[in-house]
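*Asks:*
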Amino acid sequence: MATSDIPTMLFDLGSYNIRASLTTDEKPRFIIPSAFPTGEHDFEIDKPIPPECTPSFAISDGEVDNEDRMTYLFASIFDSIFPSDQPEPIDLRVVLTNAPYPSKKHTSYISQMTFEILQADSIIMKPPALYTLTQFSLPTCICVDVGFDVTHIVPIQDNFVCSPAVMRSTAAGSAVDLYVAVDHLQIENVTTWEQMERARKIKEQVAVVALNYEDEIEDPEKEFPCTCGELLFNTPLFELATPEDQEPDERVATLTEEPTVAALIKKSIEQCDLNMRGKLWQNIIVSGGSTKMKGFRERLLQDLTSISPSTITPKLRFPDDPSLAAWYGQKLCINFSNSEPWFNRLEYEEDPEGVYRKFIQYGIADPNKGKTEK
Numbered sequence: 002m003a004t005s006d007i008p009t010m011l012f013d014l015g016s017y018n019i020r021a022s023l024t025t026d027e028k029p030r031f032i033i034p035s036a037f038p039t040g041e042h043d044f045e046i047d048k049p050i051p052p053e054c055t056p057s058f059a060i061s062d063g064e065v066d067n068e069d070r071m072t073y074l075f076a077s078i079f080d081s082i083f084p085s086d087q088p089e090p091i092d093l094r095v096v097l098t099n100a101p102y103p104s105k106k107h108t109s110y111i112s113q114m115t116f117e118i119l120q121a122d123s124i125i126m127k128p129p130a131l132y133t134l135t136q137f138s139l140p141t142c143i144c145v146d147v148g149f150d151v152t153h154i155v156p157i158q159d160n161f162v163c164s165p166a167v168m169r170s171t172a173a174g175s176a177v178d179l180y181v182a183v184d185h186l187q188i189e190n191v192t193t194w195e196q197m198e199r200a201r202k203i204k205e206q207v208a209v210v211a212l213n214y215e216d217e218i219e220d221p222e223k224e225f226p227c228t229c230g231e232l233l234f235n236t237p238l239f240e241l242a243t244p245e246d247q248e249p250d251e252r253v254a255t256l257t258e259e260p261t262v263a264a265l266i267k268k269s270i271e272q273c274d275l276n277m278r279g280k281l282w283q284n285i286i287v288s289g290g291s292t293k294m295k296g297f298r299e300r301l302l303q304d305l306t307s308i309s310p311s312t313i314t315p316k317l318r319f320p321d322d323p324s325l326a327a328w329y330g331q332k333l334c335i336n337f338s339n340s341e342p343w344f345n346r347l348e349y350e351e352d353p354e355g356v357y358r359k360f361i362q363y364g365i366a367d368p369n370k371g372k373t374e375k
């Protein structure tokens, strides 16, 4: 069987949406909320979530949080793509996203699910940012992905991932939603899907990232929209997600200590080889749904310019669709299939924990470039 004819499933395992398809699909065949009514693990994938329900999540902070629900989703998607009245796929491959620094519990579940339930022949897992930057064919670049629960950064040097410089943070989209719920909706404890969606939609509709926050908030009408946009660029402001008469809880306290998006990028670049840093500053790829906020790009460039070396002018690059950038990068795996670091069934049967060691290193970014060993 020709490599291009081998069936390959794609799973973009987001904390807000889970996207799934075959590599031959022009767009994701399934976009399924990670949320589902608590206790209803077999809640049908095409049904809307009841507004009044208390949601649980199949994926949280980039990892499987509810195995029963995730197993149902994997099985439902597989059965839809490969109906029982048709021959089972031969040599099935599965391409998955995986947040940086995954736990062994998460990777063990994913490998067990793909090899034992889906009967895959081989799998590959990478951070969304690594899939995204593959599309740009730049041998040395860095990608920041600002997602729903996790912001993460992956740099490559001469087509190899610089593992010590891979970063992640919890200052992401859902953290901004938390602020909206408390400050704007006066909801101290979000308990229903309707409340969660209401906060998210308000953020998407009104959030503005100002170039000069202090000047903008002098106008009372701009204070809330600008504060929404400011949080990822001024993380101590997350303290505003705590009601005035209370102490910050653990999540809020952690958020206030997180680096800003710009500071996280700088920290990552400074962990890379000295002779590569100039190229990295000039090849910064920005992705993830949370980067769609009005003014985000301009503010990020301003902040990076202020903290970069004086001899360097940072340059930002953007995929056509920040929300689907990782999924499009996953599709490209079919073009590089002979060189991708697949983990196959035989390796799994010999050492089930080998999947963790395999993908914690992330591997080469573009197999058609950089043939020398690191």
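Counting from 2, one number per residue, gives the positions in the sequence shown under this note's numbering.
Idealized CB from N, CA, C, for every residue including glycine.
(1) From the DSSP output, which residues share a beta bridge with phenylalanine 31?
(2) Taking the continuous alpha helix (DSSP H) assigned at proline 221, which residues delimit it?
(3) How would you call isoleucine 125, buried or exposed, if buried means at least 16 neighbouring beta carbons within 10 angstroms?
(4) Return the CA-CA distance between glutamine 283 and serine 35, expressed in angstroms with no decimal places.
(5) So what does aspartate 13 bridge to, in DSSP terms?
(6) Report the rounded CA-to-CA distance for asparagine 339 versus alanine 254, giving the unit in angstroms.
(7) Is the number of C-beta pairs between the region 42-58 and the region 129-140 that are closer than 8 Å three or more?
(8) So proline 342 and glutamine 136 are supposed to be a Cβ contact under 8 Å. How far apart are they, rounded?
(9) Indicate the three-state DSSP secondary structure (helix, strand or coil) for asparagine 336 in the structure shown.
(10) Using CA coordinates, which residue listed in Ile118, Ser57, His153, Ser61 is at the minimum distance from alanine 327?
(11) Quick one: what's got a C-beta closer than 6 Å to alanine 242's C-beta in the same chain, skipping five residues either side?
(12) Using CA atoms only, rank isn't needed, just tell me which of Phe234, Cys163, Gln206 is closest to leucine 212.
(13) Cutting at 7 Å between CB atoms, please list the residues of its own chain near glutamine 113, excluding the five before and the five after it.
(14) Could you name the residues that DSSP lists as bridge partners for proline 310?
(15) Quick check: aspartate 1 and aspartate 62, are their CB atoms within less than 7 Å of each other?
(16) My assumption, with CB atoms under 8 Å, is that cysteine 273 sits in contact with proline 156. Please give the rounded CB distance.
(17) Taking tryptophan 288 as part of the beta strand (DSSP E), name the residues at either end of that continuous run.
(18) Would you mind working out which of Phe337, Leu23, Thr55 sits nearest proline 38, comparing C-alpha positions?
(19) Since glutamine 158 is in the beta strand (DSSP E), which residue starts that stretch and which ends it?
(20) Which residue or residues does DSSP assign as beta-bridge partners of phenylalanine 344?
(21) Which of helix, strand or coil does DSSP assign to threonine 39?
(22) Using CA coordinates, which residue listed in Ala21, Leu281, Ile82, Ser288 is at the minimum distance from proline 310?
(23) For asparagine 56, report the span of its beta strand (DSSP E) as first-last.
(24) Helix, strand or coil for valine 177? Go by DSSP, reduced to three states.
(25) Excluding sequence positions up to five away, which residues of its chain have a Cβ less than 8 Å from the Cβ of proline 128?
(26) Locate the alpha helix (DSSP H) running through valine 262, then write down its first and last residues.
(27) Between asparagine 345 and aspartate 43, how many whole angstroms is the CB-CB distance? I'm expecting something under 8 Å.
(28) Does DSSP classify valine 147 as helix, strand or coil?
(29) Count the other CB atoms, across all protein chains shown, that sit within 10 Å of the CB of alanine 176; report buried if there are 16 or more and exposed otherwise.
(30) To the nearest angstrom, report how far apart lysine 267 and proline 221 are at their CA atoms.
(31) Exposed or buried, what is leucine 380 when buried is set at 16 or more other beta-carbons lying within 10 Å of its beta-carbon?
(32) Rounded to a whole number of angstroms, what is the C-alpha to C-alpha distance between glutamate 117 and threonine 72?
*Replies:* With the given structure in hand:
(1) Ala21
(2) 221-231
(3) buried
(4) 35 Å
(5) Arg20
(6) 46 Å
(7) no
(8) Not really, about 18 Å apart at Cβ, beyond 8 Å.
(9) helix
(10) His153
(11) Leu179, Tyr180, Val183, Val253
(12) Phe234
(13) none
(14) In the DSSP output, where bridge partners are listed per residue, proline 310 has none listed.
(15) Coverage of the chain is limited to positions 2 through 375, which leaves residue 1 absent and any answer about it impossible.
(16) 5 Å
(17) In the sequence as displayed, the identity of residue 288 is serine instead of tryptophan. That run of the beta strand (DSSP E) goes 285-288.
(18) Thr55
(19) 152-158
(20) Ile124
(21) coil
(22) Leu281
(23) Here the sequence assigns proline to residue 56, which means asparagine is not the residue at that position. Element bounds for proline 56: 56-58.
(24) helix
(25) Thr98, Asn99, Ala100, Pro101, Asp146, His153, Val155, Val167, Tyr363
(26) 262-271
(27) Their Cβ separation, rounded to whole angstroms, is 31 Å, which puts asparagine 345 and aspartate 43 out of contact at 8 Å.
(28) strand
(29) buried
(30) 33 Å
(31) The chain is shown from 2 up to 375; residue 380 falls before or after that span and cannot be answered.
(32) 11 Å
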